[in-house]
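J.: This is the structure I have questions about; it appears just below.
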Amino acid sequence: MGRYIALALVLMLLMGTAGCGWTAALDDRIASWKEMVKEPIDQPPDDVIDELLQEPEPEETETITVKLYFAREKGDGLEVEEREIPKVEGIARATIEELLKGPRTEGLKSALPPGTRLLDINITPEGTCIVDFSSHIKEVSGSKAEALAVFSIVNTLSQFPTVNNVSFMVEGEKVDSIGGNISTAEPVTADYGLSE
């Protein structure tokens, strides 16, 4: 039995010294890491910092010239305003968004009622462009104003070879007319007579 006690004491002594060595090694590592953190980091040269802080050069965006049809100030017809816009995949959508921004040319005004928004636009394989506008588009007053609004949109979209005619929707519903005077029950084709 004395042998077992002696063996147990030797094992405990070995474990105690091994643990101390491990703890000391860990303390040394921690101390070296603390020293590394205290050392100053080399600063990059000022020209490198300036280069990193510079704004990237804007990429050259390809543009396209589109024709936008706006009402004459007197409301007696439509006039074309050409505008450069970024050439994007959904060019019909981008063009109608430009039309909704209004004219930049003096003597012209938007043919669309204030607040009108484009909700959706799609072109069928047959060439019918389906446009869906907010309910504001129905606030046109009078047959002349309605004709200007309809053909402002139709003529603008018909400049694209993929568009043969335009079908109107309001708030997701097909409409027979946006103001009660011009039929939109069937797709509408361009009429440039208002632009003469």
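Residue numbers for the sequence shown follow our numbering, so the first one is -14 and each next one is one higher.
Glycine residues also receive a C-beta, built at the ideal position from the N, C-alpha and C atoms.
How many Å lie between PHE136 and ALA175 at the Cα?
T.: The residue labelled residue 136 in the question sits at position 151 within the sequence shown. The residue labelled residue 175 in the question sits at position 190 within the sequence shown. Rounded to whole angstroms, PHE136 to ALA175 spans 7 Å at the Cα level.
J.: Quick one: grab the DSSP three-state call for ALA16.
T.: As a position in the sequence shown, residue 16 is number 31, starting the count at 1. Helix, per DSSP.
J.: Looking at C-beta atoms only, is the number of pairs between the stretch 141 to 159 and the stretch 106 to 119 that lie closer than 8 Å three or more?
T.: yes
J.: Looking only at C-alpha atoms, which of VAL139, PRO41 and GLY75 sits nearest to LEU179?
T.: Position 194 of the sequence shown holds residue 179. Here the closest residue by C-alpha is VAL139.
J.: Provide the residue(s) that pair with ILE49 in DSSP beta bridges, ordered along the chain.
T.: Working through the sequence shown from its first residue, we reach residue 49 at position 64. Partner(s): ILE70.
J.: Using CA coordinates, which residue listed in ILE70, GLU44 and GLY92 is at the minimum distance from ASP61?
T.: Here the question's residue 61 lines up with position 76 in the sequence shown. When each option's Cα is compared against that of ASP61, the closest is GLY92.
J.: With which residues is GLU64 paired in a DSSP beta bridge?
T.: Stepping through the sequence shown from its first residue, residue 64 is reached at position 79. PHE55, per the DSSP bridge assignment.
J.: Could you check whether the stretch 74 to 85 touches the stretch 155 to 169, counting it as contact only if at least three pairs of C-beta atoms, one from each stretch, sit closer than 8 Å?
T.: no
J.: Under 8 Å by Cβ, that's how I've got VAL155 and SER120 pegged, so tell me the actual separation to the nearest angstrom.
T.: Here residue 155 refers to the residue found at position 170 when the sequence shown is read from its first residue. Here residue 120 refers to the residue found at position 135 when the sequence shown is read from its first residue. That belief holds up - the Cβ atoms of VAL155 and SER120 are roughly 6 Å apart, short of 8 Å.
J.: Could you say which of LYS59, ARG14, GLY164 and ALA134 lies nearest to LEU85 if we only look at CA atoms?
T.: Position 100 of the sequence shown, counted from the first residue, corresponds to residue 85. Ranking LYS59, ARG14, GLY164 and ALA134 by Cα distance to LEU85 puts ALA134 first.
J.: Helix, strand or coil for ILE108? Go by DSSP, reduced to three states.
T.: Here residue 108 corresponds to residue number 123 of the sequence shown, with the count starting at 1. When secondary structure is reduced to three states using DSSP, ILE108 falls in the strand class.
J.: Could you pull the start and end residues of the alpha helix (DSSP H) that ASN140 belongs to?
T.: Taking the first residue of the sequence shown as 1, we reach residue 140 at position 155. Segment 128 to 142, the alpha helix (DSSP H) holding ASN140.
J.: Determine the contact status of SER128 and ILE167, defining contact as a CB-CB distance below 9 Å.
T.: For the purposes of this step, residue 128 is identified with residue 143 of the sequence shown, where counting begins at 1. For the purposes of this step, residue 167 is identified with residue 182 of the sequence shown, where counting begins at 1. Yes, they are a contact pair.
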